[in-house]
Amino acid sequence: MAELLPQHPEFLWHNPEPKSSYDVIIVGAGGHGLATAHYLAARHGITNVAVIDKGWLGGGNMARNTTIIRSNYLWDESSLMYETSLKLWEELPEELDYDFLFSQRGVMNLAHHVSEVRDSVRRVKANQLNGVDAEWLTPQEVKEVCPIINISDNIRYPIMGATYQPRAGIAKHDHVAWALARSADAAGIDIIQNTEVTDILVENGRVTGVETTRGKISAGQVALCGAGHSSQLAEMAGVKLPIQSHPLQALVSELFEPVHPTVVMSNHIHVYVSQAHKGELVMGAGIDTYNGFGQRGAFHVIQEQMAAAVELFPIFARAHVLRTWGGIVDTTPDASPIVSKTEVDGLYVNCGWGTGGFKGTPGAGYAMAHTIAHDEPHEINAAFSLERFETGHLIDEHGAAAVAH
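Okay, so the sequence shown: first residue is 1 according to the UniProt record's numbering, each after it adds one.
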């Protein structure tokens, strides 16, 4: 790999005034919006593009996720999408010339009862058939990978084994956003922050632009990458999406010396834990059950999350929580994303990633850019169309996405 830039330039991107028109407008300057912009320029030569965000760049779910990256999903369609994304993750540090601390430390998904063991082994076999690096670990092998975990039989939810993907891992989310933004800006794409889209303009069944807090901006194509706010954005164009938005909570501890070498997830007791590069423990839980757009959650979820984490990792019992926060996740009936054209010509949606949006960042951007450039889906997102909710060709990933990612 070429030597990565060690220094920060005076600026990573500009803050231009919006032009009156663009070829493409991307709504949402998070990971997926910025990745779409990067791949539009890098793969398709399309640079008359604006990325518009009502807040600051990377300040939504991109700043609030727990940075887990993996591709060990059950169904062929999901495996293709997420494995493509993981391969793109492996290329991006060199492609973007930016070290965003991509650490392939592996991800374990624990099994605590017989039916979970059966389903997990099935997923491993399905992954292997699709060329995904997946293994089944016995409790002792779990302990070898993660020495601090408790594999005793005398706990509430004993560990009966785990799936393991060695190539999975984490990355520094802010640095990913900055790297993608720098690439898009260098290609001549405008990143327009602190500008809210208040309406999507449609004439005779075709999108013509957006209305914003800084005036009207025309465009022949508009891509919605608004994550938890996707349903609100699509309704501006008269498109009703089959998604619901929920709060999702996470927290970090104070800083520690390196003690946790991998990422551990437990669907059954709703907790997942990794240790960030600086040393803090990063923990997440399942989504709060109520619908809402608040970037916060309920205390009882954090309490249950902590109880589960301490049972799995007794060494954490005296750790202090440093801060907690919430994001807004958009979920679909089949727990799989929507990366698709819509009934409005020139309007595209990328949403419904639930708790797994970060890992899909490059794959979603790659697929969305292709769909915009050709007005047809790429093979990796063809199955993730809106039409599947009418035809019944669902991609049910509740088992692989039951907690968070």
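Quick reminder that beta carbons are idealized off the backbone N, C-alpha and C, glycines included.
This one's a predicted model, so the numbers in the text were calculated from it and none came from an experiment.
Going straight from the alpha carbon of residue i to that of residue j, what length do you get?
{"i": "residue 98", "j": "residue 115", "result": "43 Å"}
{"i": "residue 380", "j": "residue 321", "result": "40 Å"}
{"i": "residue 360", "j": "residue 65", "result": "12 Å"}
{"i": "residue 126", "j": "residue 76", "result": "8 Å"}
{"i": "residue 33", "j": "residue 152", "result": "45 Å"}
{"i": "residue 5", "j": "residue 189", "result": "Here residue 5 scores only 49 on pLDDT, less than 50, and its place in the model is too uncertain to base an answer on."}
{"i": "residue 101", "j": "residue 328", "result": "25 Å"}
{"i": "residue 161", "j": "residue 333", "result": "29 Å"}
{"i": "residue 241", "j": "residue 337", "result": "11 Å"}
{"i": "residue 294", "j": "residue 355", "result": "15 Å"}
{"i": "residue 302", "j": "residue 220", "result": "45 Å"}
{"i": "residue 376", "j": "residue 49", "result": "19 Å"}
{"i": "residue 429", "j": "residue 398", "result": "Because the chain in this structure spans residues 1 to 405, residue 429 falls outside the shown range and cannot be described."}
{"i": "residue 246", "j": "residue 351", "result": "13 Å"}
{"i": "residue 324", "j": "residue 230", "result": "24 Å"}
{"i": "residue 235", "j": "residue 386", "result": "15 Å"}
{"i": "residue 307", "j": "residue 146", "result": "19 Å"}
{"i": "residue 141", "j": "residue 150", "result": "12 Å"}
{"i": "residue 326", "j": "residue 250", "result": "6 Å"}
Contact defined as beta carbons within less than 8 Å: I believe residue i pairs with residue j. What is the distance between those atoms, to the nearest angstrom?
{"i": "residue 347", "j": "residue 197", "result": "Between residue 197 and residue 347 the Cβ distance is about 12 Å, and since that is not below 8 Å, they are no contact."}
{"i": "residue 159", "j": "residue 112", "result": "7 Å"}
{"i": "residue 191", "j": "residue 181", "result": "6 Å"}
{"i": "residue 83", "j": "residue 132", "result": "5 Å"}
{"i": "residue 88", "j": "residue 372", "result": "No, residue 88 and residue 372 are not in contact; Cβ-Cβ is about 17 Å, not under 8 Å."}
{"i": "residue 61", "j": "residue 228", "result": "7 Å"}
Using C-beta distances below 6 Å, list every residue in its chain close to residue i, excluding the 5 sequence neighbours before and after it, in chain order.
{"i": "residue 107", "result": "70, 165, 168 and 263"}
{"i": "residue 396", "result": "334"}
{"i": "residue 277", "result": "101"}
With 16 other CB atoms within 10 Å as the buried threshold, where does residue i fall?
{"i": "residue 74", "result": "buried"}
{"i": "residue 405", "result": "Note that residue 405 scores a pLDDT of 42, beneath 50, so its modelled location is shaky and nothing firm can be said."}
{"i": "residue 178", "result": "buried"}
{"i": "residue 275", "result": "buried"}
{"i": "residue 45", "result": "exposed"}
{"i": "residue 155", "result": "exposed"}
{"i": "residue 214", "result": "exposed"}
{"i": "residue 289", "result": "exposed"}
{"i": "residue 204", "result": "exposed"}
{"i": "residue 313", "result": "buried"}
{"i": "residue 138", "result": "exposed"}
Looking only at DSSP bridge pairs, what is residue i linked to?
{"i": "residue 209", "result": "201 and 218"}
{"i": "residue 324", "result": "251"}
{"i": "residue 161", "result": "111"}
{"i": "residue 224", "result": "27 and 349"}
{"i": "residue 341", "result": "348"}
{"i": "residue 50", "result": "25 and 190"}
{"i": "residue 330", "result": "245"}
{"i": "residue 275", "result": "281"}
{"i": "residue 137", "result": "162"}
{"i": "residue 264", "result": "108 and 273"}
{"i": "residue 69", "result": "169"}
Excluding the 5 residues flanking residue i on each side, which residues of the same chain have their C-beta closer than 8 Å to its C-beta?
{"i": "residue 239", "result": "342, 343, 344, 347 and 349"}
{"i": "residue 1", "result": "Because residue 1 carries a pLDDT of 45, less than 50, the predicted location of this residue cannot be relied on, and no value is offered for it."}
{"i": "residue 233", "result": "27, 197, 200, 224 and 226"}
{"i": "residue 280", "result": "252, 253, 254, 255, 256 and 322"}
{"i": "residue 42", "result": "95, 183 and 187"}
{"i": "residue 259", "result": "148, 275 and 315"}
Identify, in the order they occur along the chain, each residue of the same chain with its Cβ nearer than 7 Å to the Cβ of residue i, setting aside the five sequence neighbours on each side.
{"i": "residue 218", "result": "20, 21, 208 and 209"}
{"i": "residue 309", "result": "271, 273, 283 and 316"}
{"i": "residue 369", "result": "36, 39, 40, 43 and 44"}
{"i": "residue 363", "result": "81, 82, 84, 85, 88 and 380"}
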